[in-house]
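Numbering-wise (the working numbering), the sequence shown opens with residue 693 and increments by one.
Even glycine gets a Cβ: it sits at the ideal position worked out from N, Cα and C.
Since the structure is predicted, the reported quantities are computational estimates derived from the model, not experimental observations.
One structure is given here, and the rest of the page talks about it.
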Amino acid sequence: MSVIREERATNQLQSPAVFRFRWWPTIIFWVSMHLLLGFWLFGRSEKPVWSPVSSTLFLLLAAVLIFFISWMLGAFRLPRQIVLPTIVLTSGIVLTSIQEGFFPQTATSNPVWRTALQLLLVAGFVWIMVFNVQTMLHRFKRQHRLANQDNLTGLLNRTGMQRALHHLTPQRKAVLIMMDLNDLKSINDLRGHDAGDQHIQAVAQAITEALPKDAAASRWGGDEFLVILLHSSVAQADHFAQTVIKHSPKVRLTLPALAFGAAQVHSYEDLQRAIAVADQRMYEHKEFTKSTHLDTTVQHVPSAEEFMRLIEGLTSAHELLRRGLENLRLILGFDASSYYELLGTSLQSVYISSTQEQQEAPLHSLKRDVSSGLLGQAMVTNSTIGTADYPSEGRAMPEWVATGLRSLLATPVRDAGSVVGVLVLMSYHNWRPITPHARRLLEAVALRLGYILEHERVLKQVELTVEGGLMALGAALEARDVESFGHTQRVVAYAEKLGAALGLPRAALIELKQGAYLHDIGKLMVPDALLRKPGRLTPEEFKTMQQHAQQGFALASRIPSLSQGALDIILYHHENWDGGGYPSGRSALQIPLLARIFTVCDVYEALISVRPYKPAWPVDVALSEIGAQAGKKFDPQVVAAFLKLMRS
């Protein structure tokens, strides 16, 4: 802040000089004084008369003395303001002594030098006296100002504001504004107290710039400001506070830097009432803004407590890195975040986010052995590594130092106790202190990521085991039926691609695959003679065949943990969009979505395959038939997506 810079400059300007004793100026000064004393004694005894020669010698001696005195004062490092008057006074004293020695005063001789030297002596004395008086007045004013001024912000302190409020009278219409910073503790905990002081100074600067001439502002407490506006109303005070908020840095992307409350104040005796009212309104405003901005849909940088709740609700590694790690980067004020995965003995970047593109290139190109660099150290030692001065680290990578990287925080990620990667936060624009709270937050993200990775790995293993069993069961059904070899795998592949094209979530795709594997499990209850009959079925035989959907549903319901979506496919994959299917004659949206998706894939695969009762259809003809059945047998939207998928 300009006020603080001016104050520091004044302190430096008025600070007393430090006397540094030096031997050689002292010896020269001692010898010179003895020589001058000898000149004076010689002059008093010889009593030389005024002559051009003696006058010239006197002028040369005077010049040498003035130069010598100036040099001596410079050696003693006196303040600049006192050097010139000291030179004048000292030169006057010394030259007067010498002049008295060379030219003693007589009744008939009174050279002009004597008068000039006397004036020089008086001028130097008066000059120093004036300087001393000015210095004392300035020191008194400065001490008075410091007693009423906050050192950090340059605003009035609590004492100074109380003195200013003493002048309030009932005739002067005034408004008191209480301002309280939002989440200053979070800044101190996460970024260090220097960052907290900078935030306080920035808000104080915004207050100073918006402050009218006849107003006063003070730092009332650690994170509180008190402003008094004369000849103003509460509405004008609200406008002033909004202006300050607009020009103050936000702690979060949406939460204002401060909350405020205003109250009319009439006199100093009325101060406590006005402060109580303003305090109440300030706390009401703080609660309102926090509740409002927590529910906003704009990207939001949460506090530490909100952040911990946020990552608990993230269930995928991608979401945790994109939302959890990115929000942590914003909270702590870092410029880049990344996650590196251990592949063999090297690290590979999985996720990188940076405020500037030029910073990302070196992060992507990281190809180092796991044992090198601070990232490798964090993984090898299985501990969090942080440094506020990255370039000075012995393990710092030159290519990262060249990008301007200043501070770094890294922590390992563990899956079932084994280190599988490392999370990193980087600062390029500022030297960031690595606080214990920052370490704990990044370790919380790493702990959550390790849990998610382990959960996904175990779930994948279970899925592969279940899928292997279902695939074997589907193959057994193919062998008993007269389906062409590989029908189950092909229809599963079609269904998975179509489901992905329709934007199904991962869980729904798993259910779709399970149902596709077991869609004809009910045919286990159908006699072999009926399954292998080469010609058309009689009406009675067809009714028996139709029962396989319900019988399959009954059988599959006994399989533990089989999803409802898979059961729906088994029961409803022969239903038609127009209601002409079986077993229950459902239509349109009454048919579950997964069943509608699978039906299209099952019919298409049957059309292009050889069966005992028909040859294989050409692909173009089969696709045309699928399109013709849209709105009749099939869901039109599913058909459109299927045709687009197959023709792309």
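Within the same chain, G1214, L1259, I1262 and L1263 come within 8 Å of F1245 by CB-CB distance, once the 5 residues on both sides are set aside. Residue pairing for V1105: DSSP places it in a beta bridge opposite G1113. DSSP places T900 in the helix class (H, G or I) of the three-state scheme. The alpha helix (DSSP H) runs lying completely inside the segment 1310-1339 and spanning 4 residues or more are 1311-1320 and 1328-1339, given in chain order. Counting only residues of its own chain and dropping the five nearest sequence neighbours on each side, L873 has a CB closer than 6 Å to the CB of D915 and L950. Three or more beta-carbon pairs separated by less than 8 Å link the segment 1119-1126 to the segment 1094-1106, which places the two stretches in contact. Counted as a single uninterrupted DSSP element, the stretch harbouring I1077 is not any alpha helix (DSSP H) but the beta strand (DSSP E) occupying residues I1077 to T1079. Taking all protein chains shown into account, G1191 has 16 or more neighbouring C-beta atoms within 10 Å of its C-beta and is therefore buried. Runs of the beta strand (DSSP E) lying entirely within the segment 922-957, each at least 3 residues long, are 950-957 in chain order.
Annotation: A815 to D842 spans about 40 Å, alpha carbon to alpha carbon.
For R911, there is no enclosing alpha helix (DSSP H); the residue is part of the beta strand (DSSP E) that begins and ends at A908 to R911. Among the bridge pairs identified by DSSP, Q1040 is matched with E1033. CA-CA distance, Q1181 to A1298, rounds to 13 Å. Annotation for I869: no alpha helix (DSSP H) segment contains it, though the beta strand (DSSP E) segment containing it runs A866 to L873.
Within its own chain, the residues whose Cβ lies closer than 8 Å to the Cβ of V1093, once the five positions on either side in sequence are excluded, are Y1082 and P1083, listed in chain order. Under the DSSP definition of a beta bridge, I920 partners with L868 and A908. Nearest Cα to T1037 within the set I1283, V1072, L1194 and R1021: V1072.
Using a 10 angstroms sphere on the CB of A1241, the tally of other CB atoms reaches 16 or more, which defines it as buried. Distance from the CA atom of A1333 to the CA atom of A1248, rounded to whole angstroms, is 29 Å. In the pairwise beta carbon analysis, the segment 1065-1080 is classified as touching the segment 1128-1142: at least three pairs are separated by under 8 Å. Per the Cβ contact rule, the segment 1201-1219 is not in contact with the segment 1316-1330 (fewer than 3 Cβ pairs under 8 Å). Taking C-beta separations shorter than 8 Å and ignoring five residues to either side along the sequence, the partners of W912 in its chain run R850, M853, M870 and L918, following chain order. For the pair G1025 and V818, the Cα-to-Cα distance works out to about 58 Å.
For the 7 Å CB-CB criterion, L1117 and S1045 do not form a contact. Judged by their CB atoms, S1119 and D1027 are nearer to each other than the 7 Å cut-off. As DSSP reads the structure, M1118 sits in a beta bridge with A1028 and L1100. Taken through DSSP and simplified to helix, strand or coil, Q1239 comes out as coil. When C-alpha distances from V1295 are compared across V1105, P1275 and A1320, the shortest belongs to A1320. Excluding five sequence positions before and after G1016, the CB atoms of its chain that fall closer than 6 Å to its own CB belong to I1003, L1006 and V1137, given in chain order. Under the three-state reduction of DSSP, S1276 is assigned to coil, being neither helix nor strand.
Looking at the DSSP output, L1263 bridges to nothing. Sequence-distant Cβ neighbours of E901 in its own chain, meaning closer than 8 Å and more than five residues away, are H939.
In the three-state reduction of the DSSP assignment, L848 falls in the strand class. The beta carbons of G953 and H977 sit closer together than 7 Å.
For the pair P1307 and S1301, the Cα-to-Cα distance works out to about 7 Å.
Y1274 is not a Cβ neighbour of H1265, given a cutoff of 7 Å.
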